[in-house]
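Engineer: Protein sequences, first through last, are from chains S and L. The first sequence begins at 1 in the numbering used here and counts up by one. The second sequence begins at 244 in the numbering used here and counts up by one. Take a look at the following structure, please.
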Amino acid sequence: MSELLKVERISKRFGGVQALGEISFSLAEHELLGLIGPNGAGKTTLFHLIAGTLLPDSGQISFAGHDITRLKAYQTCRLGIARTFQVTRPFAKLTCLENVEVALVGSDAPVAREDRDERCAELLGLVGLKGKERLAAAQLNLIDKKRLEMARALATNPKLILLDEVLGGLNSLEMGQAMDLISLINRDMGTTVIWIEHVMGAIMRLSQRVLVLDQGELIFTGTPEQVAQDRRVIEAYLGEQDA
Amino acid sequence: MNDFLMYLTNGVVIGIIYALSALGVSLIVGIMNVVNFAHGELYILAGYFSALFASALGLGPIPAMVAAVAAIFVLGLLMEWTLIRPTYGDDMYSLIITFILSIILQNAYLFIFGPYPQKPPNWVGGASNLFGLFFYGNQRLACLGVAVGVIAGFFLLLHKTWFGRVVRAVSMDREVASMLGVNPVKVNLLAFGLGCALAGAAGVILTPIFPVTPTVGVGVSLTAFVVVVLGGMGSFGGCVVGGLILGLVENLGAAYLDSGYKHMFGFVILILVLFFRPAGLFGQKQL
């Protein structure tokens, strides 16, 4: 498997807070990487740096052979990095179809002008929004908004999708559907995924590898089985055992 | 009764032009969060251009209007590129820069075009008998028709084209749009040019009725801001309704109460609307 993303010693500081300190890792094509850690560990900041919405203070990020460290968000998107948001952010007054169309047109996805509508409808069908194409995004419930964000991300023709807490706020049935969708995107479509999640069971089941961040430091990298055994990870989540 | 209908028609004609001009402000505020204080000066410049192109180049009224609006569009692109783009990230700078620009332009007009009112030739002459009730100038009716056409064209552009959908998406959530590959710099450039062109369109349409002088632009900008706030920030439909309300209130108030207080009536309505609906008639509440 060839390397798709390489993050080298990137750091980010917000005022007096070191959000990320010299994080390095790499990601192979088709991999599904779980990213976990307590609140404030720097997970979403890492997404911002990769996607180009924030600039790192130091370090380098390369993606598919390009140095993307200083690229803007729309440029990293066009190279093939898409993302969804922890708090969903659909274009509320646009219909579902229009939401996806904006992504398709904005990212210059290689779809002929006359095939755009069809392609958008196909993506909406794929994520389970068939029949809701004409609904305004504001009318959707939470799981459907998350589905819409997935369709929108897929419309940009990504090589890498950054998923930020897809399962938060969903009931167990919906969680299962969302996990099926993630598995479809990763295993069947071959898209590489980095997935931030607090629901451990889900991460353990789908990830091939897990990174653990704590207070801006990368404290562990390994398979899901190894993570569950690691003392530092358990301490980061539960605190040290009283002596 | 017939008098009333005529005042009403006047109000609608002026209201639609207000709406057209306000759409330009609303577009630029919605996309770029920039308040263009030189909006009225661009409106006037389009009026001067349409008069100039008609007299100096011998163009007919329609080609002169189209050329004037095109010139304002290009000027808008240049303005965005040279003056607005360097200010991204701090809205206050663009506010001050466009304010300064409006003063420079007013004085340039005084210097170049002189203090006297100027107007292009009328497109049509005569008057028509409306519904057998009263006579109304053909020029004003033509203005109404063209303005309605331009507004309809603008709404079609927003709702039926790819460009329009992208523009609406950017005005709803700029950051997400850029993460979906939309180049924000390009959208800003086009939106600013288009917003200026709408000011220009309002200018060329109204100049045959109300000739331009170097300083009437202040009132034009102010009216456009009132309409945008009245209709609700970020709502294009609100601009149309707000423009019509303002046009009607001003004209009916001037006719039946006191023409000296014409502009005051508009502000009274604005205060009332803001008192009962702080986000404007069609505005979304800020969360």
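Beta carbons are placed, not taken as given, at the ideal position from N, Cα and C, and that holds for glycine. Since the model is a prediction, treat every value here as computed from it, not as a measurement.
#1: Counting along the chain, where does the beta strand (DSSP E) carrying Trp195 of chain S start and finish?
#2: Quick check on Asp67 of chain S: does DSSP put it in helix, strand or coil?
#3: Which partner residues does Ile61 of chain S have in the DSSP bridge list?
#4: Which value, in whole angstroms, describes the spacing of the CA atoms of Val193 of chain S and Asp108 of chain S?
#5: Per DSSP, what kind of secondary structure is Asp115 of chain S in: helix, strand or coil?
#6: Note down, in chain order, each residue of its chain lying with its Cβ closer than 8 Å to the Cβ of Ile185 of chain S, except the 5 sequence neighbours on either side.
#7: Fully enclosed by the segment 457–486 of chain L, which alpha helix (DSSP H) runs are 4 residues long or longer?
#8: In whole angstroms, what is the alpha-carbon distance linking Val463 of chain L and Tyr261 of chain L?
#9: According to a CB-to-CB cut-off of less than 9 Å, which residues of the segment 45–77 of chain S neighbour chain L?
#10: Who are the neighbours of Arg520 of chain L on chain S, taking C-beta pairs under 7 Å?
#11: Please give the ranges of any beta strand (DSSP E) in the segment 321–369 of chain L, keeping only runs that are unbroken, at least 3 residues long and fully inside the region.
#12: If you check the beta carbons only, do Pro90 of chain S and Lys132 of chain S fall under 7 Å apart?
#13: What are the boundary residues of the beta strand (DSSP E) that Thr223 of chain S is part of?
#14: Got a sec, what are the start and stop residues for the alpha helix (DSSP H) Asp255 of chain S sits in?
#15: Please list the residues of the segment 163–181 of chain S that have a C-beta atom closer than 8 Å to any C-beta atom in chain L, keeping them in chain order.
#16: For a contact defined as C-beta to C-beta under 8 Å, what are the partners of Lys93 of chain S on chain L?
#17: Within 7 Å of any Cβ in chain S, is that where the Cβ of Trp405 of chain L sits?
#18: Alpha carbon to alpha carbon, how far is Leu489 of chain L from Gly59 of chain S?
#19: Taking its Cβ as the centre, do 16 or more other Cβ atoms sit within 10 Å of Ala243 of chain S, making it buried, or is it exposed?
#20: Any Cβ of chain S within less than 7 Å of the Cβ of Leu524 of chain L?
#21: Pull up the CB-CB distance for Thr156 of chain S and Ala82 of chain S, whole angstroms please, since I reckon it's below 8 Å.
#22: List the DSSP bridge partners of Ala107 of chain S.
#23: Hey, Val210 of chain S and Ile203 of chain S are a contact pair by Cβ (cut 8 Å); roughly how many whole angstroms apart?
#24: Using DSSP bridges, identify the partner residues of Gln215 of chain S.
#25: Only counting the same chain, and skipping five residues up and downstream in sequence, which positions put a Cβ closer than 7 Å to that of Val367 of chain L?
#26: Take Ala297 of chain L and list the residues in its own chain whose beta-carbon comes closer than 8 Å to its own, dropping the five residues that flank it on each side.
#27: May I ask you to report which of helix, strand or coil DSSP gives Asp144 of chain S?
#28: Counting only Cβ pairs nearer than 8 Å, list the residues of chain S close to Asn253 of chain L.
#29: Can you name the residues of chain L whose CB is closer than 7 Å to the CB of Thr156 of chain S?
#30: Does the beta-carbon of Gln226 of chain S have 16 or more other beta-carbons within 10 angstroms, so that it is buried, or is it exposed?
#31: Quick check: the Cα distance between Arg520 of chain L and Gly477 of chain L, rounded to an integer number of angstroms?
#32: Would the segment 64–82 of chain S count as touching the segment 423–431 of chain L if we require 3 or more Cβ pairs under 8 Å?
#33: Scan the segment 300–334 of chain L for residues whose Cβ lies nearer than 9 Å to a Cβ of chain S and list them as they occur along the chain.
#34: When you compare only the Cα positions, how much space is there between Gly169 of chain S and Leu142 of chain S?
#35: Could you check if Met275 of chain L is buried or exposed, using at least 16 other CB atoms within 10 Å of its CB as the buried criterion?
#36: Expressed to the nearest angstrom, what Euclidean distance is found between the alpha-carbon atoms of Met322 of chain L and Leu437 of chain L?
Structural biologist: With the structure as the only source:
#1: Segment Thr192 to Ile196, the beta strand (DSSP E) holding Trp195 of chain S.
#2: Collapsing the DSSP output to three states places Asp67 of chain S in a strand.
#3: In DSSP, Ile61 of chain S forms a bridge with S:Val7.
#4: Computed Cα separation, rounded: 21 Å.
#5: In the structure shown, Asp115 of chain S adopts helical secondary structure according to DSSP, grouped into three states.
#6: Met150, Leu154, Ile161, Thr191 and Val193, listed in sequence order.
#7: With a minimum length of 4 residues, the continuous alpha helix (DSSP H) runs that stay inside the segment 457–486 of chain L are 460–474.
#8: So the alpha carbons of these two residues sit roughly 8 Å apart.
#9: Hits within the stretch, in order: Ala51, Gly52, Thr53, Lys72, Ala73, Tyr74, Gln75, Thr76 and Cys77.
#10: Correct list: empty, because the minimum Cβ distance to chain S is about 19 Å.
#11: Here no run is fully enclosed.
#12: Here Pro90 of chain S is not near Lys132 of chain S, since their CB atoms are 7 Å or more apart.
#13: First-last for Thr223 of chain S: undefined, no H or E at that position.
#14: Not covered by the structure: residue 255 of chain S. The range shown for chain S is 1 to 243.
#15: Sequence-ordered contacts of the segment 163–181 of chain S with chain L are nonexistent [C-beta pairs closer than 8 Å].
#16: Contacts between Lys93 of chain S and chain L, judged by CB atoms closer than 8 Å, involve Arg411 and Met415 in chain order.
#17: True, the Cβ-Cβ gap to chain S drops below 7 Å.
#18: Looking at the backbone, the Cα of Leu489 of chain L and that of Gly59 of chain S are separated by about 56 Å.
#19: Summary for Ala243 of chain S: the model assigns pLDDT 47, below 50, so the residue's position carries little reliability; its value from the coordinates is reported in the next sentence. By the Cβ neighbour-count rule, Ala243 of chain S is exposed, with fewer than 16 other Cβ atoms within 10 Å of its own.
#20: By this cut-off, Leu524 of chain L is not an interface position.
#21: About 5 Å separates the two Cβ atoms, so the contact holds.
#22: A small correction: the amino acid at residue 107 of chain S is Ser; Ala does not occupy that position in the sequence shown. Ser107 of chain S is not bridged by DSSP to any residue.
#23: Taking the Cβ atoms as the reference, Val210 of chain S lies roughly 6 Å from Ile203 of chain S, within the contact range of under 8 Å.
#24: Partner(s): none; Gln215 of chain S has no beta bridge.
#25: The beta carbon of Val367 of chain L sits closer than 7 Å to the beta carbons of Asn381, Gln382 and Ala385 from its chain, once the five residues preceding and following it are set aside; these are given in chain order.
#26: Around Ala297 of chain L: Gly303, Pro304, Ala307, Pro363 and Pro364.
#27: Three-state result, Asp144 of chain S: helix.
#28: Below the 8 Å Cβ cutoff, chain S contributes no neighbours of Asn253 of chain L, its closest Cβ being approximately 34 Å away.
#29: Per Cβ cutoff of 7 Å: Leu423 and Gly424.
#30: Classified as exposed, Gln226 of chain S has fewer than 16 neighbouring CB atoms from the shown chains inside 10 Å of its CB.
#31: Computed Cα separation, rounded: 15 Å.
#32: Contact check between the segment 64–82 of chain S and the segment 423–431 of chain L: three or more CB pairs, one atom from each, fall below 8 Å, which counts as touching.
#33: From the segment 300–334 of chain L, no residue has a Cβ closer than 9 Å to chain S.
#34: Going by the C-alpha atoms only, they are around 8 Å apart.
#35: Looking at its Cβ environment, which holds 16 or more other Cβ atoms inside 10 Å, Met275 of chain L is buried.
#36: If you take the alpha carbons of Met322 of chain L and Leu437 of chain L, they lie about 12 Å apart.
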